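Protein chains in written order, with the working numbering: chain A, 111 to 455; chain B, 3 to 201; chain C, 85 to 372. Take a look at the structure set out below.
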Amino acid sequence: MGVHKEQTTLVIGGGAAGIEAARMLGQAGYPVVLVEKSNRLGGVLNQLASSFPRWEDPVKFVEPRIKDLEQSASVKVLLESTVIGCQKTENGYQVQIKNINGAVEELQVGAVIIATGFEMMDLSGYGEYGHGAFPNVYDSLEFEAVLKEWSAGKKPEKPPVVAFFKCVGSRDRSKGYPYCSKICCMYSAKQAGLVKDLLPEAKSYVFYMDYRASGKEYEEFVRSVIEDKHVRYVRGRPAKVLPEDDRLLIRCEDTLMGVPIEVRADYIVLAAAIRPSRGTTEMAEMFGLETDAYGFIEPEPFQAVKVQERVFLAGSCGFAVETLGALQQGAAAAAQAMAVLNQAD
Amino acid sequence: MNATTSPVNQYFKALQLDEQSNSLSQEILQNCGVEIERCLECGKCSGGCSNTHIFDYTPRKIVQLIKVGNEDRLLQMDALWCCVACQLCVDRCPSGIDIPRIIDYLRERAIDRGIVPTRPNVKLFHELMLDQVQKIGRVSELYLILNYNLKSKQYLNNAELGPQMFFKGKLNPIPARVKRMDKVKRLFRPKPGQKGVAE
Amino acid sequence: MNVAYFPGCSLHSMSKEYDMSTRLVCKHLNINLQEIEDWNCCGATAAHSVDHSLAVGLSARNLSIAEDMKMDKVMAVCAGCFSRLKTASHEIRNNPHMKAEVEQMLQSPAPVKPEVEHLLQLLVEETGLEAIAQQVVKPLRGLRVAAYYGCLITRPQKVVQFDDPEQPVSLDNLLKALGAETVTWGHKAECCGGGYAASDTDIVLDLGGQVLKSAKKAGADAIVVACPMCQGNLDMRQKAMGLDFRMPIIYFTQLMGLAFGYKPGQLGINKLFNSPTALLKSKGLVKE
């Protein structure tokens, strides 16, 4: 019995998880078509100023992988393209892929890896924090761009006060989602620490209910942000942001003291809840995949990444996951695709 | 006030968590439809509370006192008598806990138990207002204020505003009455410890 | 449009100007107000503070009369009255236990039909800003005001379901439709101290003072309100708060009336403590 490498695997989404899956399959010599709707690979990683828990530059992590893909003879990358239709066939799926010029390509694939990722919750329902109403209130991804600017040397004239609010939309069944978005504790610590690295005279506050740092080196990372970078953690979920002169007055309860606490900040960064991206919703619908109550793609019981016969997920389309987890799932999805393409008769 | 009964000492006394502790949250659930156990203990209710800076127990602490079933402190607390019912806490609570409703419930209970309020004038004002409603079905602001000043012995309270209000035609010396007072009176029920409300 | 009108006690005495201007503006916009016959006090803060059932019962009687008048809409302009009526309606519709208790108290079926709305909601959602703008003959050009919503017109959201409780815009949009400019400020939905004006004045001086200072800082010439309690707290106590702003606190219906071409006297402008006349004159909005 030989190894079968005829059938193509379709990878939808060119972020960390999709890239990793395509790369593995390519390394093993399997034909891959990687479809990415934007004009570059890397997904959210392209937007990030740094990473946790080792302060590595995400670019250094994306670049070699993209090079692998470019050098691989069996991987075809389709940028600015989307999957617009699929039909189940005997050995997989017939899919239609549309590029930016409107041209539609037909493709027969033996396995599909969905890696369509997440988006941040729209914060217009959180008027108390003034996102969209007051200047200098950002969601965490928007703030990565500010951090990149500061990293590039375009720093504010005066050292600012920066406040990070965790759990905005997460753990909130009134206006958001009841779940914990899992990655915000870590990236908020990263952002708060980076502020102090870039602008040592700045003040950096993290408002928290609790911090969840269960991962290798995660607890040490948060502690070092507090102890070595001198980020001040305030326990309490902020209640209200009021514009005051040119600053933002934060009203909160210090729940350890049980007294009100006020901070006047120049920047407020809201760790918005992670929810399935539009692409995730569309692909789940198109391929007829199980989803949970929030629209995240649901694997089969006791399966890591298998969603249904010949369909696998990788990354945040299944639930919020950090970069390392996205890589793990990408690798797992690639392995499962290889397995299904080589099933013993 | 001696040292053993001062509020500060009471504040630091050990809370007792025992077999009684769950009954209060059950009762709140039944009477107010509020699920105390949903509280995430985040403090968002208290950070923006209009009067958090004068409360002895912030909304978060009130919910916590219900969780540990400490009824005594709840019924004696000052927050019952200075909550402005602005509804900020309930709208912001990530678990939708209706704290103003709980505070109303506890206040009603404190009155039923005859507990002396920390701000007697606030209770007096409520009672005098409802007295009027029970008698004529409406409130005459002029008579309410005059009566309140008399009963609270603050004869000159708001007096500086009186003449100006009068000249601007803002005080109505002849209060309107509801015709079908029988229908309004039926809405009231006699309450122990509540003066002047029973027929 | 036929609407059952609940004026409430304040509008018959302290806040006559709000009643006058409401009736005038509604008539102008073909909103036919029919006062609820023989209405009783909503009980406001006092009733819900000491007796939940009484609080619901008092408002239920008013709703019941409106239902008997075959009205499917009940409108109030006092935020306190509106909140009590709306809450009672919500309780009757969603709490079977309370509904039964109400039927016992009223000795008649509980009023489930009438929809309770604040005038602001009625104007924005039903009359529409365009229709209002069309009636403007004297645009409020140059008038820079702070739109103040207070607590009870938009909260609690699950009961009221109108506008955004944290960053409300309906009153701002209405005032802009009249030609006025509204400032961006933080206290548009903070509390003025509500019903504590007499019984614990310090609370009102503290909270109301914060609202006034915030409006002043934002560069407002006046605060526009939609509640007689807010109006009273902010207008009558500026001196006691230690503020020398003399900032006019004007009902939104009064400004609507001015923009529609009515005279200040018809709108009770002269009944406000801190007179807006000089301000309105400086913008060419009143003569005299």
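In this text, a Cβ means the ideal position worked out from N, Cα and C, and glycines have one as well. Note that the structure is a prediction, hence the values are computed from the model and not measured.
Requested in this report: Find out if the Cβ-Cβ distance for the pair Glu-327 (chain A), Pro-163 (chain A) is shorter than 8 Å.
Outcome: Counting from 1 along the first sequence, the entry for residue 327 (chain A) is found at position 217. Counting from 1 along the first sequence, the entry for residue 163 (chain A) is found at position 53. Yes, they are a contact pair.
- prompt: For Gly-195 (chain B), which residues from the same chain have a beta carbon less than 6 Å from its beta carbon, with the 5 sequence-adjacent residues on both sides left out?
  reply: Against the second sequence, residue 195 (chain B) aligns to sequence position 193. Residue confidence is low: Gly-195 (chain B) scores 47 on pLDDT, short of 50, so the model does not pin down where it sits. No coordinate-derived value is stated.
Problem set entry | Complete runs of the alpha helix (DSSP H) confined to the segment 114-184 of chain A [at least 4 residues] | 126-137, 168-181
Inter-residue Cα distance where the pair is Pro-360 (chain C) and Asp-305 (chain C): Looking up residue 360 (chain C) in the third sequence gives position 276. Looking up residue 305 (chain C) in the third sequence gives position 221. Computed Cα separation, rounded: 9 Å.
Please list, in chain order, the chain B residues whose beta carbon lies closer than 9 Å to that of Cys-362 (chain A). If you number the first sequence from 1, residue 362 (chain A) lands on position 252. In chain order: Gly-45, Lys-46, Ser-48, Gly-49, Gly-50.
Can you look up Pro-312 (chain C) in the DSSP assignment and give me helix, strand or coil?
In the third sequence, counting from the first residue as 1, residue 312 (chain C) sits at position 228. Residue state, collapsed to three classes: helix.
Count the other CB atoms within 10 Å of the CB of Ser-366 (chain C); is the residue buried (16 or more) or exposed (fewer)? Residue 366 (chain C) sits at position 282 when you count from the first residue of the third sequence. Under this definition Ser-366 (chain C) is an exposed residue.
Using DSSP's beta-bridge definition, name the partner residues of His-202 (chain C). Here residue 202 (chain C) is taken as the residue at index 118 of the third sequence, counted from 1. His-202 (chain C) is bridged to C:Ala-160.
The beta strand (DSSP E) with Gly-220 (chain A) in it runs from where to where?
Here residue 220 (chain A) is taken as the residue at index 110 of the first sequence, counted from 1. Looking at the DSSP string, the run of the beta strand (DSSP E) that includes Gly-220 (chain A) is 214-224.
Helix, strand or coil at Cys-47 (chain B) according to DSSP, with G and I counted as helix: By 1-based counting over the second sequence, the position of residue 47 (chain B) is 45. Helix.
For this session: Would you list the one or two residues that DSSP bridges to Asn-86 (chain C)?
Result: For the purposes of this step, residue 86 (chain C) is taken as the residue at position 2 of the third sequence. Answer is C:Asn-116, bridged to Asn-86 (chain C).
- Item | Distance, Gln-118 (chain C) Cα to Val-186 (chain B) Cα | Working through the second sequence from its first residue, we reach residue 186 (chain B) at position 184. Working through the third sequence from its first residue, we reach residue 118 (chain C) at position 34. Their backbone Cα atoms lie some 21 Å apart in a straight line.
For Val-172 (chain A), which residues from the same chain have a beta carbon less than 6 Å from its beta carbon, with the 5 sequence-adjacent residues on both sides left out? Within the first sequence, residue 172 (chain A) is the residue found at index 62, counting from 1. Cβ neighbours of Val-172 (chain A) beyond the five flanking positions: Gly-152, Leu-155.
| message | Here's the rule: buried if 16 or more other CB atoms are within 10 angstroms of the residue's CB, otherwise exposed. What is His-55 (chain B)? | response | Mapped onto the second sequence, residue 55 (chain B) falls at position 53. Answer is exposed; the Cβ neighbour count stays below 16.
Cα-Cα separation between Ser-280 (chain A) and Leu-380 (chain A), rounded to whole angstroms
As a position in the first sequence, residue 280 (chain A) is number 170, starting the count at 1. As a position in the first sequence, residue 380 (chain A) is number 270, starting the count at 1. Using only the alpha carbons, I get a separation of about 11 Å.
Asn-146 (chain C) (DSSP reduced to helix, strand or coil): Taking the first residue of the third sequence as 1, we reach residue 146 (chain C) at position 62. If DSSP states are grouped into helix, strand and coil, Asn-146 (chain C) belongs with the helices.
For Asp-284 (chain C), does the count of other Cβ atoms within 10 angstroms reach 16, so buried, or fall short, so exposed?
As a first step, residue 284 (chain C) must be located in the third sequence, where it is residue number 200. So Asp-284 (chain C) ends up on the buried side.
_Give me the DSSP bridge partner(s) of Leu-212 (chain C)._
Within the third sequence, numbered from 1, the residue matching residue 212 (chain C) stands at position 128. Sequence inspection shows Gly at residue 212 (chain C); the Leu mentioned does not correspond to that position. Partner(s): none; Gly-212 (chain C) has no beta bridge.
State yes or no: is the beta carbon of Pro-249 (chain C) nearer than 8 Å to at least one beta carbon in chain B?
Position 165 of the third sequence, counted from the first residue, corresponds to residue 249 (chain C). Yes - at least one Cβ of chain B is within 8 Å of the one on Pro-249 (chain C).
*chain A beta carbons: is any one of them nearer than 8 Å to that of Pro-96 (chain B)?*
Stepping through the second sequence from its first residue, residue 96 (chain B) is reached at position 94. So yes, Pro-96 (chain B) belongs to the interface.
Practice problem: Go ahead and pull the three-state DSSP assignment for Lys-292 (chain A). | Solution: Position 182 of the first sequence, counted from the start, is the residue given in the question as residue 292 (chain A). Coil, per DSSP.
Would you mind working out which of C:Pro-312, C:Ile-149, C:Leu-108 sits nearest Ala-281 (chain C), comparing C-alpha positions? By one-based count along the third sequence, residue 281 (chain C) stands at place 197. Minimum Cα distance to Ala-281 (chain C) is reached at C:Pro-312.
(request) May I ask you to list, following chain order, the residues of the segment 176-202 of chain C that have a beta carbon less than 8 Å from some beta carbon of chain B? (result) Asn-179, Met-189, Leu-190, Gln-191
Considering only residues of the segment 40-93 of chain B, which uninterrupted alpha helix (DSSP H) runs meet the minimum length of 4 residues and lie entirely inside it, listed in chain order? 46-49, 61-69, 73-78
- Glu-187 (chain C) beta carbon less than 8 Å from that of Pro-193 (chain C): Reading the third sequence from its first residue, position 109 is the one you call residue 193 (chain C). Reading the third sequence from its first residue, position 103 is the one you call residue 187 (chain C). Yes.
- Task: Whole angstroms is fine: what's the gap from Tyr-107 (chain B)'s alpha carbon to Ala-312 (chain A)'s?
- Result: Along the second sequence, one-based indexing puts residue 107 (chain B) at 105. Along the first sequence, one-based indexing puts residue 312 (chain A) at 202. About 47 Å.
* Please classify Tyr-318 (chain A): is it buried, with 16 or more other beta-carbons within 10 angstroms of its beta-carbon, or exposed? => The count along the first sequence starts at 1 and reaches residue 318 (chain A) at position 208. Per the 10 Å Cβ criterion, buried.
From Cys-290 (chain A) to Ile-210 (chain A), what distance separates their C-alpha atoms?
Numbered from 1 along the first sequence, position 180 holds the residue referred to as residue 290 (chain A). Numbered from 1 along the first sequence, position 100 holds the residue referred to as residue 210 (chain A). When rounded, the distance between both Cα atoms is 36 Å.
Q.
For Pro-175 (chain B), report the span of its alpha helix (DSSP H) as first-last.
A. By one-based count along the second sequence, residue 175 (chain B) stands at place 173. Run containing Pro-175 (chain B): none; DSSP gives neither H nor E here.
Item checked: Cut-off 6 Å between Cβ atoms - residues of its own chain near His-136 (chain C), not counting five sequence neighbours on either side -> Your numbering for residue 136 (chain C) matches position 52 in the third sequence. So the list is empty, once near-sequence residues are dropped.
- Would a C-beta distance cut-off of 8 Å place Val-243 (chain C) and Thr-171 (chain C) closer than the cut-off? Against the third sequence, residue 243 (chain C) aligns to sequence position 159. Against the third sequence, residue 171 (chain C) aligns to sequence position 87. Closer than 8 Å, so yes.
Problem set entry | chain B contacts made by the segment 213-236 of chain A, where a contact means CB separation under 9 Å | none
Requested in this report: Measure from the alpha carbon of Arg-40 (chain B) to the alpha carbon of each residue in B:Val-92, B:Asp-80, B:Arg-109, then state which is nearest.
Outcome: Locating residue 40 (chain B) in the second sequence gives position 38, where the first residue counts as 1. The option with the nearest alpha carbon to Arg-40 (chain B) is B:Val-92.
Could you tell me which whole beta strand (DSSP E) segments of length 3 or greater appear in the segment 202-280 of chain A?
202-209, 214-224, 228-230, 247-249, 271-278
**Study point:** Rounded distance between the beta-carbons of Leu-138 (chain C) and Phe-90 (chain C), thought under 8 Å
**Key:** For this step, residue 90 (chain C) is matched to residue 6 along the third sequence. For this step, residue 138 (chain C) is matched to residue 54 along the third sequence. Incorrect: roughly 18 Å between the Cβ atoms, too far for contact.
Using a C-beta cutoff of 8 Å, does Glu-238 (chain A) count as contacting chain C?
Taking the first sequence and counting its residues from 1, the one referred to as residue 238 (chain A) is at position 128. Yes, Glu-238 (chain A) counts as interfacial toward chain C.
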